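A.B. asks: In terms of our numbering, the sequence shown has 820 at position 157, counting the first letter as 1, and numbering is strictly consecutive.
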Amino acid sequence: MSDALERAVELLAEHPVVDGHNDLPWALRQQVRYDLDRRDIATDQSAHLHTDLPRLRAGGVGAQFWSVYVRTDLAGDSAVSACLEQIDVVARLIARYPRDLRRALTADDMEAARAEGGIASLMGAEGGHSINNSLGTLRAFHRLGVRYMTLTHNDTIDWADSATDDPRHDGLSAFGEEVVREMNRAGMLVDLSHVAPSTMRDALRVTEAPVIFSHSSARAVCDHPRNIPDDVLEKLPANGGVAMATFVPSFVLPEAVTWTRRAGENLRAHGFHPLDHTEPAMRLLEAFEAEHPRPRATVSTVADHLDHMREVAGIDHIGIGGDYDGTAFLPDGLDSVAGYPRLIAELLERRWSPAELARLTWHNAVRVLRDAEAVARDLSSRRGPSLATIEELDGS
664 MSDALERAVE LLAEHPVVDG HNDLPWALRQ QVRYDLDRRD IATDQSAHLH TDLPRLRAGG
724 VGAQFWSVYV RTDLAGDSAV SACLEQIDVV ARLIARYPRD LRRALTADDM EAARAEGGIA
784 SLMGAEGGHS INNSLGTLRA FHRLGVRYMT LTHNDTIDWA DSATDDPRHD GLSAFGEEVV
844 REMNRAGMLV DLSHVAPSTM RDALRVTEAP VIFSHSSARA VCDHPRNIPD DVLEKLPANG
904 GVAMATFVPS FVLPEAVTWT RRAGENLRAH GFHPLDHTEP AMRLLEAFEA EHPRPRATVS
964 TVADHLDHMR EVAGIDHIGI GGDYDGTAFL PDGLDSVAGY PRLIAELLER RWSPAELARL
1024 TWHNAVRVLR DAEAVARDLS SRRGPSLATI EELDGS
């Protein structure tokens, strides 16, 4: 073990990673329809998953936001039901592995889990379509433990524009702004990964609480619409928010953008969704890769994004959101949740200080949730739950 890697492991023992986004629940849905006996994450699952408990421990992960993601081809009540199933499987994982996973709803819960040697387990809903245009459903998800919601996924929804779809609202609609206000009042973090820059700017204008980007990198380093423009990164200090760099090669490596688009087109041509990571889809991807070698991102590629994000947003406003089990490919050296020490070692070699790394891995994410909780206490003392509807506000 190199000196930098040894120091990284020691640092993570004291200041573990809070990872902003892991799609294990969706992978369990796709692969085994939530049959946890068939994917026992207490044992090595490297043949099937990026995530299991031994590798979370090896990676120095102290808190995980599990994504309760719903694909956008599920809509209406079907999307709500699918999100509830995702929430259910996270609860089942926590109940099944109580010595490792601790349910966390607050920043204090995260600190308590760390003190006890557990992995704080929180949830983030990926895609505002999963509330089916209902603020009551939003509040119900919060009561069930969801602590952030990504306003969109890959498609524009009835009240917010996505980064990877045609715009319809020039950012947020009036109802979309009300969603942000209600998330503030409830204490649910507004997640701006996946949304269009116009939506980012509207949300930052409306929000009274810090925002997060649960898994997005720097657009100035890799010009992909899923990444964060510099003018938005520059707004994070005034907002108090945190941008969590992701590892997805097509978001961090310019050469991978075109390759990933072509691979997705090949999947569609064979009847698969581009985000399908089932075994038949993965075999097709591997065959495509054999004929068309894939550009390889590395640990250094991700570190380049973090260097830039630190420079633009500041050390208090960055974090990590790997997107494990939500992507088919990963950078060399970061092929599973065990890889975080290699990233920290790379940053140590780039002369990041231990204090800076402690903010990156743990303190920034805990602070942003604590700040959102404080805003929620204030707002809920001054106003009750919003009863607004999309029909009233948007006329639709």
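Ideal Cβ placement from N, Cα and C applies to all residues, glycine included.
These figures come from a predicted structure and were not determined experimentally.
1) Measure the C-alpha to C-alpha separation of His936 and Asn817 and round it to an integer number of angstroms.
2) Please state whether DSSP places Arg931 in a helix, a strand or coil.
3) Please name the residue or residues paired with Gln749 in a DSSP beta bridge.
4) Return the chain-ordered list of same chain residues with a C-beta closer than 6 Å to the C-beta of Ile820, the five sequence neighbours on each side being excluded.
5) Look at Pro958 and Glu918 and say whether their C-beta atoms are less than 8 Å apart.
6) Helix, strand or coil for Asp821? Go by DSSP, reduced to three states.
7) How is the alpha helix (DSSP H) around Ser1044 delimited, first residue to last?
8) Checking 8 Å against the spacing of the C-beta atoms, do Tyr987 and Thr714 come in under that value?
9) Let me check one thing: in DSSP terms, what residues is Gln727 bridge-paired to?
10) Can you have a look at Gly1047 and say buried or exposed, based on whether 16 or more other CB atoms are within 10 angstroms of its CB?
11) Quick one: does the C-beta of Leu687 sit closer than 7 Å to a heavy atom of the ligand PLP?
12) Among the residues of its own chain, which have a CB less than 7 Å from the CB of Phe914, if the five just before and after it don't count?
13) If you drop the 5 nearest sequence neighbours on each side, which residues of the same chain put their C-beta closer than 7 Å to that of Asp763?
14) Return the bridge partner residues of Leu764 from the DSSP annotation.
15) Since Pro912 and Pro994 are thought to touch, with beta carbons under 8 Å apart, how far apart are those beta carbons, to the nearest angstrom?
16) Give me, in chain order, the residues of the same chain whose beta-carbon lies closer than 6 Å to that of Asp865; leave out the 5 immediate sequence neighbours on both sides.
17) Roughly how many whole angstroms lie between the Cα atoms of Ala767 and Asp967?
18) Tell me the residue span of the alpha helix (DSSP H) that contains Ile1053.
19) Which one of Thr923, Leu1020 and Asp939 has the shortest CA to CA distance from Asp736?
20) Do Ala788 and Phe804 have their C-beta atoms closer together than 8 Å?
21) Who pairs with Ile891 in a beta bridge, going by DSSP?
22) Mapping DSSP to helix, strand and coil, what is Arg957?
23) For Asp632, count neighbouring Cβ atoms within 10 angstroms of its own Cβ and tell me buried if that reaches 16, exposed if not.
24) Leaving aside the five residues before and after Asn847 along the sequence, list all residues of the same chain whose C-beta is less than 8 Å from its C-beta, in chain order.
25) For Ser856, I'd like the list of residues in its chain whose CB is within less than 6 Å of its CB, leaving aside the five on either flank, ordered along the chain.
26) Taking its Cβ as the centre, do 16 or more other Cβ atoms sit within 10 Å of Leu1050, making it buried, or is it exposed?
27) Buried or exposed, going by whether 16 or more other CB atoms sit within 10 Å of the CB of Ala849?
28) Would a C-beta distance cut-off of 8 Å place Leu719 and Ala690 closer than the cut-off?
29) When you compare only the Cα positions, how much space is there between Asp641 and Gly799?
30) Closer than 7 Å by C-beta to Arg1022: which residues in its own chain qualify, once you throw out the five before and the five after it? Chain order, please.
31) Find the nearest neighbour of Val920 within the set Thr827, Trp1025, Phe838 and Ala950, judged by alpha-carbon distance.
C.D. replies: On the basis of the coordinates in this document:
1) Indexing the sequence shown from 1 puts residue 936 at position 273. Indexing the sequence shown from 1 puts residue 817 at position 154. CA-to-CA, the gap between His936 and Asn817 works out to about 12 Å.
2) Locating residue 931 in the sequence shown gives position 268, where the first residue counts as 1. Three-state DSSP puts Arg931 in a helix.
3) As a working mapping, residue 749 is identified with position 86 in the sequence shown. None, per the DSSP bridge assignment.
4) Taking the first residue of the sequence shown as position 1, residue 820 is located at position 157. Cβ neighbours of Ile820 beyond the five flanking positions: Gly791 and His792.
5) Translated into the one-based positions of the sequence shown, residue 958 becomes position 295. Translated into the one-based positions of the sequence shown, residue 918 becomes position 255. Closer than 8 Å, so yes.
6) Within the sequence shown, numbered from 1, the residue matching residue 821 stands at position 158. If DSSP states are grouped into helix, strand and coil, Asp821 belongs with coil.
7) Along the sequence shown, read from residue 1 onward, the residue named residue 1044 stands at position 381. From DSSP, the alpha helix (DSSP H) with Ser1044 extends over Asn1027 to Arg1045.
8) Taking the sequence shown and counting its residues from 1, the one referred to as residue 987 is at position 324. Taking the sequence shown and counting its residues from 1, the one referred to as residue 714 is at position 51. At a Cβ-Cβ threshold of 8 Å, Tyr987 and Thr714 count as neighbours.
9) As a first step, residue 727 is located in the sequence shown; it is residue number 64 there, counting from the start. When DSSP reads this structure, Gln727 sits in a beta bridge with Asp682 and Ser784.
10) Translated into the one-based positions of the sequence shown, residue 1047 becomes position 384. Label assigned to Gly1047: exposed.
11) The model on display carries no ligand, and the ligand PLP is accordingly not part of it.
12) As a first step, residue 914 is located in the sequence shown; it is residue number 251 there, counting from the start. Only Ser880, Cys885, His887, Arg889 and Asn890 meet the Cβ criterion.
13) Counting from 1 along the sequence shown, the entry for residue 763 is found at position 100. Excluding five sequence positions before and after Asp763, the CB atoms of its chain that fall closer than 7 Å to its own CB belong to Leu716, Gly781 and Ile782, given in chain order.
14) One-based indexing of the sequence shown puts residue 764 at position 101. Answer is Ile782, bridged to Leu764.
15) Taking the sequence shown and counting its residues from 1, one reaches residue 912 at position 249. Taking the sequence shown and counting its residues from 1, one reaches residue 994 at position 331. About 6 Å; that satisfies the 8 Å criterion.
16) As a first step, residue 865 is located in the sequence shown; it is residue number 202 there, counting from the start. Annotation for Asp865: Gly834 and Leu835 place their beta carbon closer than 6 Å to its own, counting only its chain and skipping 5 residues before and after.
17) Translated into positions along the sequence shown, residue 767 becomes position 104. Translated into positions along the sequence shown, residue 967 becomes position 304. CA-to-CA, the gap between Ala767 and Asp967 works out to about 31 Å.
18) Position 390 of the sequence shown, counting from 1, holds the residue named residue 1053. Taken as a continuous stretch (DSSP letters only), the alpha helix (DSSP H) holding Ile1053 covers Ile1053 to Asp1057.
19) Numbered from 1 along the sequence shown, position 73 holds the residue referred to as residue 736. Each of Thr923, Leu1020 and Asp939 was checked against the Cα of Asp736, and the nearest Cα belongs to Asp939.
20) For the purposes of this step, residue 788 is taken as residue 125 along the sequence shown, with counting starting at 1. For the purposes of this step, residue 804 is taken as residue 141 along the sequence shown, with counting starting at 1. Inclusion of Ala788 and Phe804 in the CB contact set at 8 Å is warranted, their separation being smaller than that value.
21) As a working note, residue 891 is residue 228 in the sequence shown. DSSP lists Ala881 as the bridge partner or partners of Ile891.
22) Locating residue 957 in the sequence shown gives position 294, where the first residue counts as 1. Three-state DSSP puts Arg957 in coil, outside helix and strand.
23) The structure shown does not extend to residue 632, since the chain is modelled only from 664 to 1059, so the question has no answer here.
24) Indexing the sequence shown from 1 puts residue 847 at position 184. If you ignore the 5 residues before and after Asn847, its C-beta comes within less than 8 Å of the C-beta of Val853, Thr870, Glu871, Ala872, Ala1035, Val1038, Ala1039 and Leu1042, all in its own chain and listed in chain order.
25) In the sequence shown, the residue the question calls residue 856 occupies position 193. Contacts found: Thr813, Phe876, Ser877, His878 and Ser879.
26) Counting from one through the sequence shown, the residue named residue 1050 turns up at place 387. Its Cβ having fewer than 16 others within 10 Å, Leu1050 is exposed.
27) The sequence position of residue 849 within the sequence shown is 186, counting from 1. Counting of Cβ neighbours within 10 angstroms places Ala849 among the buried residues, the total reaching 16 or more.
28) Here residue 719 refers to the residue found at position 56 of the sequence shown. Here residue 690 refers to the residue found at position 27 of the sequence shown. Judged by their CB atoms, Leu719 and Ala690 are not nearer to each other than the 8 Å cut-off.
29) For residue 641 there is no data in the structure shown, the boundaries of the chain being 664 and 1059.
30) The sequence position of residue 1022 within the sequence shown is 359, counting from 1. Counting only residues of its own chain and dropping the five nearest sequence neighbours on each side, Arg1022 has a CB closer than 7 Å to the CB of Ile978 and Asp979.
31) Position 257 of the sequence shown, counted from the start, is the residue given in the question as residue 920. Checked all of Thr827, Trp1025, Phe838 and Ala950; the closest Cα to Val920 is Thr827.
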